[in-house]
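In full-length UniProt numbering, the protein residues as written are 1 to 522.
Every residue, glycine too, gets a C-beta built ideally from N, C-alpha and C.
Everything below concerns the one structure shown next.
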């Protein structure tokens with residue numbers, strides 16, 4: 001009797017399962033309805049691709065196939081190379097701005113013949129999404145799922161599925177995360193194809209996204225110690241670590257115009273170390289610091305000819321400089337990788353902050369910043385709020401210092417109040433002296449000279465007032481160029497995430513809950 005009851009329940013379950021998860025056959029360019037009753041919606045298309053989702057509201061869906069707008073080697077979000085297409089077409093998904101989907105999945109099929117032809121391990125297949133600027137394919141490894149049995153790859157745990165998707169494969173032996181080793185020999189070289197966008201991540205999380213027009217090889221190494229003389233150009237900034245990242249390519253001595261490359265450096269942040277430094281500096285929980293990346297670049301013409309020579313001698317000097325650089329590269333490439341190039345090419349004596357927009361990535365605990373010439377050394381710097389507060393007045397003087405004529409008017413402006421006690425006729429010669437240094441064309445018109453004097457005092461007073469206002473408006477915690485603000489609260493959160501492996505502190509929450517309930521009932 002018991003066995004009959006179990007078998008009947010099993011048959012009932014089997015009969016109900018298709019009704020609960022029934023897959024609807026759909027066509028491309030067909031308007032499909034998504035139910036809003038939190039029941040599973042499953043659609044399968046002629047190429048066996050599938051979309052499944054729950055939804056909180058009634059939605060509509062339409063799917064099309066497109067010719068891929070971007071080559072498969074333009075990839076961000078996953079390291080290693082090269083990437084190849086696993087399907088001939090991409091899939092475009094459009095909804096009526098559905099943003100309340102629950103557990104949506106996009107499943108793309110993998111062509112077994114393309115796997116064999118391209119020597120791709122099925123575990124190295126991905127669903128990539130076209131970036132908002134339609135320049136790259138974005139891979140999110142944390143929401144990827146591969147089913148080898150039915151040769152499909154999925155992107156899961158989505159709330160919004162609008163976009164264009166394509167199945168890609170990576171031609172590497174290693175699966176999942178692909179990390180490069182630090183070193184300066186041929187065994188640790190990274191080959192940059194020069195035809196796409198390539199990302200490489202190293203052992204500590206140091207990541208480089210490179211787009212170049214010329215193929216090249218690259219070595220990334222770590223060097224112990226930072227000499228004090230290297231920090232002479234850093235104002236109020238101190239290094240976070242006691243080592244330097246060294247990046248050397250076989251095109252280190254080539255002029256930047258020859259190899260049109262842009263590289264985004266993503267430097268890992270040691271949250272515990274920064275937390276200790278902030279605590280030692282007396283940063284309060286509401287305080288913040290500015291972190292940035294500084295570089296020692298390659299000197300393109302160290303000790304070479306300058307522009308002081310005459311025209312006849314200048315051209316040969318430039319040709320000699322180019323031939324020396326060429327000889328250095330050619331001598332270093334065939335013998336021992338890029339190591340001879342690193343010993344022959346000279347670096348700048350000091351680190352300088354990279355003048356570009358930096359982006360803080362608190363999820364991956366990295367700071368990203370673009371660079372043009374990637375060769376050189378890099379360090380992570382930190383600037384406390386007190387140092388910034390001291391430099392802001394200097395920053396207020398620097399723009400005036402950049403406008404030296406205005407800076408010359410300010411001392412006169414300081415004498416002008418004294419001049420206000422004097423007759424106005426004595427101020428006019430002062431006004432004549434100002435045009436002599438700066439505004440001679442305007443000073444040629446006699447009636448405009450007194451107006452120039454009065455207008456000269458008004459902008460001076462107004463220029464002093466609006467500049468702090470701009471800084472107060474923009475100084476609403478806008479980080480300096482090349483840096484990003486990091487608050488003490490953010491650092492504390494990073495440290496806590498690191499301690500719990502990037503996850504919620506489950507056992508601690510359980511213990512706290514038990515203690516709280518025990519104390520309340522006691």
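Q. How far does the beta strand (DSSP E) with residue 118 in it reach, from first residue to last?
A. Looking at the DSSP string, residue 118 is not in any beta strand (DSSP E); the run it does join, the alpha helix (DSSP H), is 112-118.
Q: Kindly list the residues whose CB is nearer than 6 Å to the CB of residue 296, restricted to its own chain and excluding five residues on each side of it in sequence; keep chain order.
A: 347, 348, 351, 376, 377
(Q) Are the CB atoms of residue 184 and residue 127 within a distance shorter than 8 Å? (A) no
Q: Enumerate in chain order the residues of its own chain whose CB-to-CB distance from residue 238 is below 7 Å, with the five nearest sequence positions on each side excluded.
A: 381, 382
(Q) If I measure Cβ to Cβ from residue 179 and keep anything under 8 Å in the same chain, skipping five residues before and after, which residues do I get? (A) 79, 201, 202, 203
Q. If you drop the 5 nearest sequence neighbours on each side, which residues of the same chain put their C-beta closer than 6 Å to that of residue 38?
A. 54
Q) Can you tell me whether DSSP reads residue 267 as helix, strand or coil? A) Looking at residue 267 - three-state DSSP - the assignment turns out to be strand.
Q) So residue 482 and residue 369 are in contact, right, with Cβ under 8 Å, and what is the actual spacing, rounded? A) 7 Å
Q. With 8 Å set as the bound, which would you pick, yes or no: does the beta-carbon of residue 52 sit closer than that to a beta-carbon of chain C?
A. Reference to chain C is not applicable here, since this structure consists of a single protein chain.
**Q.** For residue 124, three-class secondary structure by DSSP
**A.** helix
**Q.** Closest residue to residue 73 among 494, 139, 363 (Cα-Cα distance)
**A.** Of the listed residues, the one whose Cα sits closest to residue 73 is 139.
Q.
Just to confirm my understanding: we take residue 264, look at its own chain, exclude 5 residues before and 5 after, and list those with CB closer than 6 Å. What are they?
A. 209, 368, 370
Q: Could you please give the first and the last residue of the uninterrupted alpha helix (DSSP H) stretch that includes residue 496?
A: 488-499
Q: Put residue 569 into one of helix, strand or coil per three-state DSSP.
A: Since the first residue shown for the chain is 1 and the last is 522, residue 569 is missing from the structure and cannot be characterised.
Q.
Would you call the segment 130-146 in contact with the segment 42-53, where contact means no fewer than 3 C-beta pairs closer than 8 Å?
A. no
**Q.** Nearest neighbour of residue 488, chosen from 283, 189, 157 [CA to CA]
**A.** Here the closest residue by C-alpha is 283.
Q. Between residue 143 and residue 153, is the Cβ-Cβ spacing less than 8 Å?
A. no
Q | Helix, strand or coil at residue 483 according to DSSP, with G and I counted as helix | A | In the structure shown, residue 483 adopts extended strand secondary structure according to DSSP, grouped into three states.
Q) For residue 179, does the three-state DSSP call read helix, strand or coil? A) If DSSP states are grouped into helix, strand and coil, residue 179 belongs with the strands.
Q) Going straight from the alpha carbon of residue 215 to that of residue 374, what length do you get? A) 14 Å
Q) So what's residue 141 in DSSP terms, helix, strand or just coil? A) helix
Q.
Using a Cβ distance threshold of 8 Å, determine whether the segment 155-171 contacts the segment 102-115, with at least three qualifying pairs required.
A. Touching, yes, given that three or more Cβ pairs across the two stretches are closer than 8 Å.
Q. In three-state terms, what does DSSP make of residue 173?
A. coil
**Q.** Nearest-angstrom Cα separation, counted from residue 516 out to residue 293
**A.** 45 Å
Q: State the CB to CB distance for the pair residue 77 and residue 164, rounded to an integer number of angstroms; the pair is presumed to be in contact (CB under 8 Å).
A: Actually they are not in contact, since the Cβ atoms of residue 77 and residue 164 sit about 15 Å apart, beyond 8 Å.
Q: Specify, as a first and last residue, the run of the beta strand (DSSP E) that residue 97 falls within.
A: Neither: residue 97 is in no beta strand (DSSP E) and is coded neither H nor E.
Q: State the beta-bridge partners of residue 165 as determined by DSSP.
A: 91, 129
Q: Could you name the residues that DSSP lists as bridge partners for residue 244?
A: 223
Q: Return the Cβ separation of residue 91 and residue 111 in integer angstroms, given the expectation that the two are a contact with Cβ distance under 8 Å.
A: Contact flag wrong, Cβ pair sits at about 14 Å.
Q: Give the DSSP-derived three-state secondary structure of residue 348 in the structure shown.
A: coil
Q) For residue 354, which residues does DSSP report across the bridge? A) Beta-bridge pairing links residue 354 to no other residue.
Q: Return helix, strand or coil for residue 299, following the three-state DSSP convention.
A: Reduced to three states, the DSSP call for residue 299 is coil.
Q.
So, with DSSP's three-state summary, where would you put residue 211?
A. The answer is strand: DSSP assigns residue 211 an E or B state.
Q | Sequence ranges, alpha helix (DSSP H) only - wholly within the segment 26-65, length at least 4 | A | none
Q.
At the level of alpha carbons, what is the spacing between residue 96 and residue 173?
A. 41 Å
(Q) Measuring straight from C-alpha to C-alpha, what distance separates residue 89 and residue 479? (A) 43 Å
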